[in-house]
Amino acid sequence: MRELADDLMLSSDTQIIVDSKESAMKEAGEIIQSKAKIMAELGELIHNDKFSNDICNEKITIFKSVGIAVEDLAAAIVLYQSLKK
């Protein structure tokens, strides 16, 4: 499935962040078909200043989430903890 055009995905004004590079390369149609370069995974941005410093506020940032199990687990933990209160 594709949601974004190749020209946007390949633009030098675009930086692409994904939840999982491996999953995105298998499941994200716009990345697969356009052969767009992935800048970083979300976890790398959160835990590594090297990538955080590379983010440019002047560029278009695309976050492509194909969904990974750890995201579901994190949501379930938050829900469970809120229900316990």
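To convert, note that position 32 of the sequence shown is 32 in full-length UniProt numbering; the numbers rise steadily by one, no gaps. Positions of the beta carbon are idealized from the N, C-alpha and C atoms, including for glycine.
(message) For residue 39, tell me which candidate among 82, 71 and 17 has the shortest Cα-Cα distance.
(response) 17
(request) Grab the span of the beta strand (DSSP E) containing residue 62 for me, first residue to last. (result) 60-64
(message) Just verifying my parser: in three-state terms, what is the DSSP assignment at residue 46?
(response) helix
(message) Within the continuous alpha helix (DSSP H) that includes residue 32, where are the two ends?
(response) 29-34
(message) Strictly by DSSP, which residues pair up with residue 15?
(response) 61
(message) Quick check: is any heavy atom of the ligand NAD less than 7 Å from the C-beta of residue 22?
(response) Only the bare structure without any ligand can be found here, which leaves the ligand NAD out of the picture.
(request) Would you mind reading off the limits of the alpha helix (DSSP H) that contains residue 73? (result) 69-84
(message) Within 10 Å of its beta-carbon, does residue 28 have 16 or more other beta-carbons around it, so buried, or fewer, so exposed?
(response) buried
(message) So if DSSP puts residue 3 in a beta bridge, which residue, or which two residues, is it bridged to?
(response) DSSP output for residue 3 lists no bridge partner at all.
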